[in-house]
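Student: This structure is in structure tokens; I'll ask about it shortly.
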Amino acid sequence: SVYPRDGRDVGTLMKNADAGMYTAKKQGRNNFKFYTPNANSASAARLEMENKLRQALEQGEFEVWYQPKVSMKTQKIVGAEALVRWHSPELNLVPPSQFIPLAEDTGLIIPIGEWVLRTACQESKHWQSEGQLPLHVSVNLSARQFSKEDLLTSIEYIVDEFDMNPRNLELELTESLIMPNAEDSIETLQALKK
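Going by this note's numbering, the final residue of the sequence shown carries number 203, and the count climbs one at a time with no gaps.
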């Protein structure tokens with residue numbers, strides 16, 4: 010933000026610089042943008058969505074939907090992928106493309122991801138208690154979750170909580186998540202496998 014065009018006091022200049030920063034962040038790293046008046050509306054919309062996302066977490070507005078995994082050989086369901094969905098009373102069904110990047114940016118992906126993992130493990134155990142065959146349930150891990158120091162402890166706790174066989178849990182990771190720090194990633198992957 011540039012004085013005096015974008016503000017005549019420190020508070021206004023900082024607020025407008027922040028709005029410009031969010032615009033630049035949306036367009037990738039190593040970038041900058043000058044403040045424009047429509048950046049304020051984008052920044053306000055982002056802040057409003059962030060507040061709704063926090064509220065959704067507090068009020069239990071998330072759901073886990075399961076996408077079946079079918080064996081091509083036997084044509085039978087062998088597993089399911091847990092997919093998080095946000096069903097907002099106000100916004101209806103919010104597409105993941107609208108809330109997952111924001112959850113990543115704000116760090117809310119960590120409690121959301123842990124909730125998805127816990128819910129998927131609980132459901133898997135429930136299916137087994139209902140006489141279903143043990144199904145592999147897969148859960149996506151975000152970059153933020155993967156880089157958490159207590160990731161292993163958290164996963165072990167959840168698996169133990171539901172007395173789930175860890176072999177029935179698959180964690181899905183993307184290459185872009187692992188590559189930035191390959192050596193640490195390999196250690197974490199080996200510990201997860203163990």
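For glycine and all other residues, C-beta sits at the position ideal for the given N, C-alpha and C.
(1) From which residue to which residue does the beta strand (DSSP E) around lysine 134 run?
(2) Restricting to Cα atoms, I'd like to know which of Leu62, Val125, Asn177 is closest to tryptophan 136.
(3) Run through DSSP, which three-state label would valine 19 get?
(4) Tell me which residues share the same chain as lysine 203 and place their Cβ nearer than 7 Å to its Cβ, disregarding the 5 neighbours each side in the sequence.
(5) Express the C-alpha separation of valine 125 and asparagine 60 in angstroms, rounding to a whole number.
(6) Quick one: using the 10 Å Cβ neighbour count with 16 as the cut-off for buried, is isoleucine 195 buried or exposed?
(7) Tell me whether the beta-carbon of isoleucine 119 lies closer than 9 Å to the beta-carbon of glutamine 154.
(8) Are there 16 or more other CB atoms within 10 angstroms of the CB of glycine 140, so buried, or fewer, so exposed?
(9) So histidine 206 packs on glutamate 70, CB below 8 Å; how close in whole Å?
(10) Is the region 90 to 107 close to the region 72 to 79, with three or more CB pairs under 8 Å?
(11) Can you look up serine 10 in the DSSP assignment and give me helix, strand or coil?
Tutor: Working from what's here:
(1) Your numbering for residue 134 matches position 125 in the sequence shown. That residue, lysine 134, is in no beta strand (DSSP E); its alpha helix (DSSP H) goes 118 to 138.
(2) Residue numbering aside, residue 136 sits at position 127 when the sequence shown is read from its first letter. Among Leu62, Val125, Asn177, the Cα nearest to that of tryptophan 136 is on Asn177.
(3) Against the sequence shown, residue 19 aligns to sequence position 10. In this structure, valine 19 counts as helix in the three-state DSSP scheme.
(4) For this step, residue 203 is matched to residue 194 along the sequence shown. In its own chain, leaving out the 5 sequence neighbours on each side, no residue places its CB closer than 7 Å to the CB of lysine 203.
(5) The residue labelled residue 60 in the question sits at position 51 within the sequence shown. The residue labelled residue 125 in the question sits at position 116 within the sequence shown. Taking the straight line joining both Cα atoms gives about 20 Å.
(6) Here residue 195 is taken as the residue at index 186 of the sequence shown, counted from 1. By the neighbour-count rule (16 or more Cβ atoms within 10 Å), isoleucine 195 is not buried but exposed.
(7) Stepping through the sequence shown from its first residue, residue 119 is reached at position 110. Stepping through the sequence shown from its first residue, residue 154 is reached at position 145. Going by C-beta atoms, isoleucine 119 is nearer than 9 Å to glutamine 154.
(8) Walking along the sequence shown from the start, residue 140 turns up at place 131. Flag for glycine 140 reads exposed.
(9) Since the displayed the chain opens at 10 and closes at 203, residue 206 lies outside it and no answer follows.
(10) The count of Cβ pairs closer than 8 Å, one atom from the region 90 to 107 and one from the region 72 to 79, reaches three, so the stretches are in contact.
(11) On the sequence shown, residue 10 is found 1 positions in, with the first residue counted as 1. Correct three-state label for serine 10: coil.
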